Amino acid sequence: MKKGATVHDTNPQDLPDWIMKALDSASCGITVADARQADTPLIYVNRAFEVMTGYSRDEILERNCRFLRGEDHDQSDLDILRQAMDEGRETTVVLRNYRKDGTFFWNELRLAPVFDDQGRLTHYIGIQTDVTAQKEAQAEVQRQARQFHKFLEAIPSGIVVLDAQSRIFFANRAASAITGKTLEPGSVIENLVDYFQVTLAGTDRPYPLEALPTTRALAGETVAVSDIEIRRDGRHIPLHVSASPIHNQQGDISHAVAVFADISEIREKENRLKDEEARHRALLDSSLDAIITINASGIIQSINPATEHIFGYRPEELLGHNVRLLMPEPHRSLHDRYLENYLKTGRAKMIGEAREISALRKDGTVFPIDLTVTEVKLPQGSLFKGIVRDISKRKEAEALAARTLAKLKKSQENLLTLLNQFRVGTVMLDADHRVEFVSESCGQFAGIDRGTAVGRPWDQVLPFGMPSKIQLQRLLDLPPAERYRITLHWQCADRKACWVECDVRDDPQAPDRHILLLYDVTEIHQLRQTIDESRYGRMLGNSDSMRELYQLIEDVARGDWTVLIEGETGVGKELVAHSIHAASPRKDGPFIAVNSAGLSESLLASQLFGHRKGAFTGAVADQEGFFEAAHGGTLFLDEIGDLPLSMQASLLRVLQEKEITRLGETRIRKVDVRILAATHKNLAEEARAGRFREDLLYRLRVARLYVPALRERKADIPLLVESFLCQSYHFSSRAQPRFGAEALQCLMNYDWPGNVRELKACVDYAVIHSKGECINPQDLPPEFSRTTASAVAEPEPMIVGEDERGRILAALEKTRGNRMQAAKMLGISRATFYRRLTELDISPDR
86 MKKGATVHDT
96 NPQDLPDWIM
106 KALDSASCGI
116 TVADARQADT
126 PLIYVNRAFE
136 VMTGYSRDEI
146 LERNCRFLRG
156 EDHDQSDLDI
166 LRQAMDEGRE
176 TTVVLRNYRK
186 DGTFFWNELR
196 LAPVFDDQGR
206 LTHYIGIQTD
216 VTAQKEAQAE
226 VQRQARQFHK
236 FLEAIPSGIV
246 VLDAQSRIFF
256 ANRAASAITG
266 KTLEPGSVIE
276 NLVDYFQVTL
286 AGTDRPYPLE
296 ALPTTRALAG
306 ETVAVSDIEI
316 RRDGRHIPLH
326 VSASPIHNQQ
336 GDISHAVAVF
346 ADISEIREKE
356 NRLKDEEARH
366 RALLDSSLDA
376 IITINASGII
386 QSINPATEHI
396 FGYRPEELLG
406 HNVRLLMPEP
416 HRSLHDRYLE
426 NYLKTGRAKM
436 IGEAREISAL
446 RKDGTVFPID
456 LTVTEVKLPQ
466 GSLFKGIVRD
476 ISKRKEAEAL
486 AARTLAKLKK
496 SQENLLTLLN
506 QFRVGTVMLD
516 ADHRVEFVSE
526 SCGQFAGIDR
536 GTAVGRPWDQ
546 VLPFGMPSKI
556 QLQRLLDLPP
566 AERYRITLHW
576 QCADRKACWV
586 ECDVRDDPQA
596 PDRHILLLYD
606 VTEIHQLRQT
616 IDESRYGRML
626 GNSDSMRELY
636 QLIEDVARGD
646 WTVLIEGETG
656 VGKELVAHSI
666 HAASPRKDGP
676 FIAVNSAGLS
686 ESLLASQLFG
696 HRKGAFTGAV
706 ADQEGFFEAA
716 HGGTLFLDEI
726 GDLPLSMQAS
736 LLRVLQEKEI
746 TRLGETRIRK
756 VDVRILAATH
766 KNLAEEARAG
776 RFREDLLYRL
786 RVARLYVPAL
796 RERKADIPLL
806 VESFLCQSYH
816 FSSRAQPRFG
826 AEALQCLMNY
836 DWPGNVRELK
846 ACVDYAVIHS
856 KGECINPQDL
866 PPEFSRTTAS
876 AVAEPEPMIV
886 GEDERGRILA
896 ALEKTRGNRM
906 QAAKMLGISR
916 ATFYRRLTEL
926 DISPDR
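Under my numbering, the final residue of the sequence shown carries the number 931; numbering is consecutive throughout.
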C-alpha cells in the first residue's frame, strides 16, 4: 500500500470476504504484521504461508516472524531487513528459515510498509516465497563454474583468451608455464610478437603480427598452425597453436581464444574452446511455471511473464482470448463442454488435482505439461487459476532412460547368450562371495543347478573337493596383481574325474565383487594321462602299429643282432635305435649316432676307424674313430643307404671280424660294438641297381624293424599334438594354447610327407602365429587350407539301443578317430561319449 493511503484500525480478518478469499488463494505466502506493537506480531497469514511453514494460522498469529529463524541465520540479511524497517521503505531479502518439522528452506521476503493518512507506519505486508529450488540451482551453477575453472586449469595445454585490445580475459597456469610469462587477466599485451619473442619455426625472423593465429582469429578466422616458435629461457620452443574467434550474443567478434602446446612433448593435440563452453556453460536458466487465470467463459484474465516464455505469445496476444488457444486437439474442442459441465454439476475432472496433458505453443508445437487447476469463487463469479509446468525435458529424459534401459536389457541378453556359448564357465560373486550368476556352459560341465545356485555361498555351489575350495579361497583373498591361474579337481556323480582351470577377476564396476572364469580342461588331463600311458622311451603312440613296434623293440633288444630300421624320413628311426639300446644289455655303454650321409667320403674312414698322427695332412694327433668310441655299446649308422661303396666293404669286414685298423697303422684293434642301421631307402632295390652291396645288406638286416609313417597311424596325432604343445609351452611365456576342432581336423586330413618331424614343426608354427588360447585353421602353415577340414556333419541324435555301438564306430570312422568331432556328430557331450566308449568296450583308437 502506498504511503498516504488510509488504513483503518481494523483486523485484516474483517476485510471483505472476496479479498480474504483472493489472498488465501494466492500461491505465495502473504503475511501482515502490526508495526504499532513493540514486537511487530503477525496479525494475518494466508493459506500458502501455512503450507510453506507447516504451522497453522493459530500457531503463527501474534508471533514475530523471527520464530522461523534458526541458529545458522545470516545476520547481514537481518541487518538489511531491520534497516529498511527502521527507514520505513520496501526491501527484499532471502532468509534462512525452518519449517515446523525442522526442515530448512530459503524464504524470499518482499516487505512493504503501510502508512495511515497522517503518514504513520501501521503495518508491514510481506510477500513470502519458497525459493529453495532457485537457491539450490544457483549453488549448482556456482559449483559447476568452479569445477569448469578447475578443468581449464588442469588442461596441460596453454589457453589464453584475448579481447580485441589484446587484453587478457583468461589464461590458465599451463599458458604461463609454457610461455614462461606471468599472464594476469586484465593486463594488456601491446605486441604479442615482441612480448613472447615469436619467430617463424626454424628461423630467427619475427613472426608476422598479422599472421598470428590470435590476430587472424579476431578477424574472424579459425586457424591452426605448427610453424611458430617462442623463445623461453634462451631456448626456442616449438608450438602448435590453434585460435578461434568468440562471438557475443549479437554475433560480433568479442574475443579470441588460443590453445597452444609445446609440441616437443605433445604433438597434434588441440583443445578448442567454444564460446558457449568457455563462457556460458555454467549459466543455467531456472524456468518458472506459467500461471494463467481465466473466467467461467474460458477467457484469459491474467498471465505471468513465464507464460510468454513457455508458450511464445506476447501478453496482448493472450489477454482477452479464450484459453483454447493454448490447447491442441481434442482438448480444444472439448474444453468449453468440460467447463460448462463443471459449472452445472460441480463434477470436476481436473479441478483441484495435477494432471499431465499436452499444450500448444504459438509455433504449433505440441509439448507435455503438468497442469494444476484451482477454482476461486467470487461473488461476481468463479475464476480458475492454472499452474502450467513445461515437462518436455523430463519427458525427453524419461524416453531416453527407457531407450537406454531397453538397450541395456538387450545388451545383457546378448552378453548372457555370448557367455553361454563360450566353452569358458562364468560364475559371478557378490561382495559376500555369494553366487549372483552362473553361465549355462558352467552349469553343464560342472553339474551346477543354476536355478538354486543364485544367492548361495560359492563353496556350497561349486562341486570342488575341500583342498580345491581352500586353494580357491586363498586366491580370492589375494590382491589382483598376485593372482594366478589354478587347477581345481573334483569327482563327478559317475565317479569320473574332472578338472578345471580357474581365473579370478575383479568386477570392473565393483572391485569387491568377483568373476570366476572356469576352463574345462578335463579332456586335456585325460589326454595327458593317455600320453603318459602311451609313451615308450622317447616315442609316443598308442595305435596298433606302434604297439607292434614296441613289442619288436623289446624282442630285438634282448639279443645282440644287427638291426636294420626302415622307414620314411621324419618317422623317428633314431628314437627307435635309442629305445633298442636303452632296453638292451648294452644300455650302460655308449650310444654313438652317425649320419652316414653327412660324412665326406675322403674323411669317412678316418671318422669311422680313426687315424694315426701323420696319416694324412692335418692329422696332428692320434684319433680314435666312432667304432672305438662305441666300444661296449651301440653304434647307430643313420642313412646307411647313402654310404659310399668304398666304405661298404670296410664296414662289412668290421661286421664279420669285429675288428678295425686305424688309418696309417697296421695294428688290428678288436671292437665290441652292436650295429644298428637305418635308412629311408629300399636297400634291396639299391642292391639290384648296384648302389649297395648285397652281402652288406644281408649282414645288416638280421633283424628288421619298420617304423610306420604318420599317415599310417593318424589316431596318434592328437597325442603327439598335445605333447608338442606342452613342449612349446615350456619355451614360451604365454599360456598353453589348444587346437580347435577345425584345426585338428586339418591335421587329421593331411598326409604328412614329412611325418612326425613335419608335425612338430607345424605345431610350433601354429603356436607362434596364434593370437588367442585356441588355434584355428588360419594359424596353420600355408600348405594347410581351411578347406582341408572336413565339414562337420549335422548332429545325428543317438538313440540308446538303436545299434549304439555301430553308430559310435561309424562316427569314429567318419572323423578318422577324432573323438571330439565324433561326439558332435552324434549330438552328445564329450563326457557322455567317453562314458559310452568305456561301457561298450570300444577302443578310442579305432
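The C-beta atom is built at its ideal place from N, Cα and C for all residues, glycine as well. Since the structure is predicted, the reported quantities are computational estimates derived from the model, not experimental observations.
Those residues which DSSP pairs with residue i across a bridge
i	result
W28	Since the first residue of the chain shown is 86 and the last is 931, residue 28 is not available in this structure.
F469	I379 and E460
S387	T378
Y209	A118 and P198
P867	Answer is none; P867 lacks a bridge partner.
G510	L603
Q744	For the sequence presented, residue 744 should be read as Glu rather than Gln. BP columns for E744 point to K755.
S808	Its beta-bridge partners do not exist; DSSP assigns none.
E441	D455
R519	P542
Same chain only: Cβ atoms within 8 Å of residue i, ignoring 5 sequence neighbours per side
i	result
S349	I322 and P323
L560	R568, Y569, I571, C587 and V589
A123	none
D370	Here D370 scores only 33 on pLDDT, less than 50, and its place in the model is too uncertain to base an answer on.
R890	L925 and I927
G271	R252 and I253
Cβ separation of residue i and residue j, assumed to be a contact under 8 Å, to the nearest whole Å
i	j	result
D723	K658	7 Å
Q556	I571	6 Å
F711	L693	5 Å
E797	S630	6 Å
V278	P298	Actually they are not in contact, since the Cβ atoms of V278 and P298 sit about 12 Å apart, beyond 8 Å.
P464	W103	6 Å
E653	A772	With a Cβ gap of about 20 Å, E653 and A772 do not count as contacting.
H696	R747	5 Å
For residue i, three-class secondary structure by DSSP
i	result
A851	helix
M412	coil
G699	coil
Y835	coil
A120	coil
R776	coil
P453	strand
C113	coil
A704	coil
G243	strand
H93	With a pLDDT of 44 at H93, under the threshold of 50, the modelled position of this residue cannot be trusted; read the value that follows with caution. In the structure shown, H93 sits in coil (DSSP, three-state: anything other than H, G, I, E or B).
V792	coil
E147	coil
Y129	strand
A826	helix
D248	strand
Chain-order list of residues whose beta-carbon lies under 7 Å from that of residue i (same chain, five-residue window excluded)
i	result
S813	V848, D849 and V852
L445	L411, M412, P413 and V451
Q282	I315 and R316
I165	T176 and V178
D926	none
A482	none
D248	F254, S339 and H340
G825	C859, I860 and N861
Beta-carbon proximity list for residue i, same chain, < 6 Å, skipping 5 on both sides
i	result
H854	D864
Y140	K185
A907	A896, L897 and T900
L573	F549, S553, V585 and C587
E147	P126
A763	I650, K658 and D723
R842	G655
Practice prompt. Output the residue ranges of the beta strand (DSSP E) runs that lie fully inside the segment 628-664 and measure 3 residues or longer, sorted by chain position.
Written response: 648-651
Fill in: Any beta strand (DSSP E) of 3 or more consecutive residues that is wholly inside the segment 262-287
283-285
Worksheet entry | Whole beta strand (DSSP E) elements within the segment 565-599, 3-residue minimum | 571-576 and 582-592
Worksheet entry | Unbroken stretches of the alpha helix (DSSP H), 4 residues or longer, contained in the segment 290-343 | 298-303
Worksheet item: Taking the runs of the alpha helix (DSSP H) that are 4 residues or longer, which of them lie wholly in the segment 153-196?
Response: 160-172
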